[in-house]
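Chains as they are written, first to last, in full-length UniProt numbering: chain A, 1 to 235; chain B, 1 to 235. Beta carbons are placed, not taken as given, at the ideal position from N, Cα and C, and that holds for glycine. Quick caveat: nothing in here was measured; it's all calculated off a predicted structure.
There are 2 protein chains.
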Amino acid sequence: MNEHISSAYDRDLEGITTLIMKMGGQVEEAILKAVKSLTDRDTELAEEVREGDKSIDALEIQINDEAARTIALRAPVSKDLRSLLTVLRLAASLERIGDYAKNIAKRTSVLVEMNPVSGSDVALRRMAREVEAMLKDTLDAYVRGDAELAEDVRQRDQEVDQMYNALFREFLTFMMEDPRNITPCMHLHFMAKNIERMGDLTTNMAEQVIYLVTGDMPDEARPKGDKTAYVTDAG
Amino acid sequence: MNEHISSAYDRDLEGITTLIMKMGGQVEEAILKAVKSLTDRDTELAEEVREGDKSIDALEIQINDEAARTIALRAPVSKDLRSLLTVLRLAASLERIGDYAKNIAKRTSVLVEMNPVSGSDVALRRMAREVEAMLKDTLDAYVRGDAELAEDVRQRDQEVDQMYNALFREFLTFMMEDPRNITPCMHLHFMAKNIERMGDLTTNMAEQVIYLVTGDMPDEARPKGDKTAYVTDAG
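Now the structure itself:
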């Protein structure tokens with residue numbers, strides 16, 4: 001492959017990376033705004049998150065088109081091709097995380113009509129902040145080609161899972177204490193599960209970054225943290 | 001592009017299509033077995049689903065590798081490239097549907113220890129059967145290049161969403177009637193949500209097939225059926 005073609009590919013990839021970072025920034029913002037709309041009981045902010053998702057979706061389509069165009073024009077092989085296919089996966093994960101933020105914002109609009117369930121939205125917000133920080137580090141790891149930072153993100157997912165497990169048990173307890181808590185707790189639980197899934201997706205992204213940098217998927221099986229499938233009672 | 005290269009590409013694509021159909025068959029089986037394990041309270045069958053997910057995951061990796069190899073070797077452009085990128089998306093969706101089936105099987109192992117909640121697992125099974133039928137038709141539409149059949153699948157997702165909405169309200173009612181129903185209903189609700197998500201993913205796959213056949217994504221916005229974000233009470 002001659003110099004000219006090689007650097008054309010590099011320019012294309014750089015352009016796509018810029019789009020990924022732009023998309024990632026919008027998704028980070030959506031996560032933070034979605035939980036802020038819940039804790040502040042701010043339905044306008046929730047509506048903003050729902051509207052903003054369209055821009056995130058449009059960026060994914062643009063990234064897909066650019067990547068397909070680059071593959072068709074530059075016919076990249078080996079590591080260059082792997083980079084482009086990884087970028088497509090990163091964009092797909094970002095789009096899904098954005099969807100979860102939108103879902104949280106949707107439920108906010110309903111929850112503000114109900115009695116607050118003591119302290120639970122603070123816990124949700126802490127969980128969301130942790131996921132947002134993980135996503136920020138994953139995007140940094142991607143741009144800098146830093147596999148170590150990506151590995152660090154991968155480990156932190158366990159903390160998010162632990163927060164989720166604690167919340168799941170708490171919601172069960174609240175529901176048993178007072179039937180009026182059942183409907184709001186179902187919605188809050190949905191939100192917690194959405195944040196937990198965002199953490200999983202961010203961890204998948206971190207694994208893709210490790211693969212991109214090192215050429216290997218992390219072989220040690222990722223520790224799975226959602227233990228609620230095994231909860232038989234709110235002990 | 002000369003004849004020889006073109007038919008090498010065709011053979012590659014045919015091989016990948018065979019893998020997709022194999023993967024799809026295993027995912028269909030996982031869906032049916034997962035809900036059967038629930039209704040029959042059969043923990044061995046649930047364990048079989050959890051084990052079987054490894055084979056589904058391995059097929060996705062194989063499809064990704066084959067597609068990357070084909071892109072690198074044959075340097076396909078326009079429709080041929082689009083076909084391969086679509087295949088990657090179909091495989092990713094199948095992998096996620098398989099994960100949901102595995103999650104359902106995990107919860108079965110817990111639910112068999114609890115008191116059954118009247119009639120709800122029959123409703124879950126009906127819902128899962130509908131999703132399995134949609135997936136079967138989507139795979140048929142893919143192999144036959146039948147956009148009309150894929151469009152039909154897309155419309156049927158509303159029925160699955162309606163079943164899910166009805167179940168969500170039913171679970172809320174059960175939980176309010178008797179606090180002992182709260183924990184099993186939380187697990188059953190998770191299963192219902194998993195099946196609803198499988199329906200969404202199958203619908204995404206149907207849209208990819210339409211794109212593949214016609215070159216256009218369906219422009220009419222897909223009717224969204226999960227209305228539970230707006231449920232304020234189990235009325």
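Counting the other CB atoms within 10 Å of its CB gives residue 87 (chain B) a total of 16 or more, which places it among the buried residues. Residue 183 (chain A) has a beta carbon lying within less than 8 Å of a beta carbon in chain B. A Cβ-Cβ distance of about 7 Å is found for the pair residue 23 (chain A) and residue 91 (chain A), placing them in contact under the 8 Å criterion. Counting other Cβ atoms within 10 Å of its Cβ, residue 195 (chain A) reaches 16 or more and is therefore classed as buried. For the options B:35, B:185, B:214, the alpha carbon positioned closest to that of residue 98 (chain B) is the one of B:35. In this structure, DSSP gives residue 143 (chain A) a helical state, which the three-state scheme calls helix.
Residues of the UniProt domain "PhoU" (124-209) of chain A with a C-beta less than 7 Å from any C-beta of chain B: 172, 175, 176, 179, 182, 183, 186, listed in chain order. Scanning A:184, A:120, A:20, A:188 for the CA closest to the CA of residue 114 (chain A) turns up A:184. Put simply, the backbone Cα of residue 208 (chain A) is about 36 Å away from that of residue 119 (chain A). Excluding the 5 residues flanking it on each side, residue 142 (chain A) has same chain C-beta neighbours closer than 6 Å at 209, in chain order.
Bounds of the alpha helix (DSSP H) holding residue 198 (chain B) are 182-214. For residue 77 (chain B), a Cβ of chain A is located within less than 8 Å of the residue's own Cβ. Listed along chain A are 75, 76, 77, 78, 81, each with a C-beta nearer than 9 Å to that of residue 72 (chain B).
Excluding five sequence positions before and after residue 126 (chain A), the CB atoms of its chain that fall closer than 8 Å to its own CB belong to 163, given in chain order. Taking the C-beta atoms as reference points, residue 109 (chain B) is found nearer than 8 Å to residue 46 (chain B). With a cutoff of 8 Å on beta-carbon distance, residue 117 (chain B) and residue 181 (chain B) are scored as near each other. Annotation: Cβ neighbours of residue 85 (chain B) in chain A (cutoff 7 Å, chain order): 68. Within a 10 Å sphere around the beta-carbon of residue 73 (chain B) sit fewer than 16 other beta-carbons, which makes this residue exposed. For the region 95-169 of chain B, the continuous alpha helix (DSSP H) assignments of 4+ residues that do not extend past its boundaries occur at 120-144, in sequence order.
Residue burial is scored here from C-beta neighbours: residue 107 (chain A) has at least 16 other C-beta atoms within 10 angstroms and is therefore classed as buried.
By the C-beta criterion, the region 51-69 of chain A is judged to be in contact with the region 7-27 of chain A, since at least 3 inter-stretch pairs fall below 8 Å. By the C-beta criterion, the region 198-208 of chain B is judged to be in contact with the region 153-161 of chain B, since at least 3 inter-stretch pairs fall below 8 Å. Each of B:188, B:212, B:172 was checked against the Cα of residue 228 (chain B), and the nearest Cα belongs to B:172.
Around the C-beta of residue 11 (chain A), fewer than 16 other C-beta atoms lie within 10 Å, and the residue is accordingly described as exposed. DSSP, reduced to helix, strand and coil, places residue 42 (chain A) outside both helices and strands of the structure shown, so it counts as coil. Using a Cβ distance threshold of 8 Å, residue 81 (chain A) and residue 71 (chain B) count as a contacting pair.
Non-local beta-carbon contacts of residue 134 (chain B) in its own chain, meaning distances under 8 Å to residues more than five positions away in sequence, involve 153, 156, 157, 160, 199, 202, 203, 206 in chain order. Nearest to residue 128 (chain A) by alpha-carbon distance, out of A:75, A:149, A:167, is A:167. DSSP, read as helix, strand or coil, puts residue 12 (chain B) in helix.
The beta-carbon separation of residue 176 (chain B) and residue 179 (chain A), rounded to 5 Å, stays under the 8 Å limit for a contact.
The straight-line gap separating the alpha-carbon atoms of residue 37 (chain B) and residue 174 (chain A) is approximately 30 Å. Under the three-state reduction of DSSP, residue 179 (chain B) is assigned to helix. The beta carbons of residue 8 (chain A) and residue 101 (chain A) sit no closer together than 8 Å.
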